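Here the structure comes first, spelled out in structure tokens, and everything after it is commentary.
Residue numbers (the working numbering): 1324 to 1562.
Pasting the structure below:
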């Protein structure tokens, strides 16, 4: 899936000289946590987010430092903090180094950028001009749209078992030699021995995503790889 398949196309924007109070009202009205800032040509020059507005004198949340630390930080740092807490216009507090993406980029690249830069949204650009925006909420909407519908209830147990076996072969982390799945009436029972609980959780998720599966029963045991000591028995309710 590409970014263009998930992005929001009609985006509210701010200009650098927008008053912060008006920008905040727009963010509240649109129920968004950030908005792109564009110049008169429509080129993106920044982004204003909730994080840019947390340290405000009106709220009493501006940074305060002991006298000795103020001396260490220096006038430049203190001046920037004052601007952030007392500014009146968007361009005085907005983030200028904007991470952007192309509409033709894969969603995987968008997610990588969001994780790497710890941001919640990506302006989508065509050259320097805003084409849309991709937010975490857009990713959730894309997930809901792409999620499979109700699984067919007419799959035989043998067909379900074959699909599980295929998934076991495809995934590099599955314990093919120490764990297996039994299927009866659409209920899948996982049996065997694992070396960690992360694999247990992943196996359950793998099976839950196979069409036709009604329920997953955990009969797996976890052992300590160095000593062979059992550190987790199968769930008592499932035995």
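Positions of the beta carbon are idealized from the N, C-alpha and C atoms, including for glycine. As the structure is a computational prediction, the values presented were derived from the model and not from experiment.
Bridge partners - residue i, DSSP secondary structure assignment
i            : result
residue 1503 : 1514
residue 1325 : 1429
residue 1331 : 1456
residue 1446 : 1456
residue 1541 : 1513
residue 1412 : 1342
residue 1359 : 1370
residue 1337 : 1360
residue 1418 : 1370
residue 1546 : 1553
Endpoints, the beta strand (DSSP E) within which residue i is located
i            : result
residue 1485 : Note, residue 1485: premise wrong, no beta strand (DSSP E); alpha helix (DSSP H) at 1480 to 1493.
residue 1456 : 1452 to 1458
residue 1530 : Unbroken run through residue 1530 is the alpha helix (DSSP H), 1520 to 1531; no beta strand (DSSP E).
residue 1553 : 1553 to 1555
Distance CB(residue i)-CB(residue j) smaller than 8 Å
i            : j            : result
residue 1413 : residue 1343 : yes
residue 1437 : residue 1371 : no
residue 1359 : residue 1446 : yes
residue 1325 : residue 1429 : yes
residue 1542 : residue 1501 : no
residue 1515 : residue 1483 : no
residue 1498 : residue 1517 : yes
residue 1545 : residue 1536 : no
residue 1329 : residue 1419 : no
residue 1357 : residue 1443 : yes
residue 1531 : residue 1540 : no
residue 1455 : residue 1338 : no
residue 1490 : residue 1529 : yes
residue 1504 : residue 1487 : yes
Supposed close pair residue i, residue j - CB separation, criterion 8 Å
i            : j            : result
residue 1431 : residue 1408 : About 38 Å; that fails the 8 Å criterion.
residue 1453 : residue 1361 : 6 Å
residue 1327 : residue 1426 : 4 Å
residue 1571 : residue 1335 : An answer regarding residue 1571 cannot be provided, because it is not within the stretch 1324 to 1562 covered by the chain.
residue 1367 : residue 1421 : 6 Å
residue 1404 : residue 1386 : 5 Å
residue 1506 : residue 1524 : Incorrect: roughly 20 Å between the Cβ atoms, too far for contact.
residue 1424 : residue 1433 : 5 Å
Residue i: first and last residue of the uninterrupted alpha helix (DSSP H) it sits in
i            : result
residue 1348 : 1343 to 1353
C-beta neighbour in chain D for residue i, strict 8 Å
i            : result
residue 1328 : Reference to chain D is not applicable here, since this structure consists of a single protein chain.
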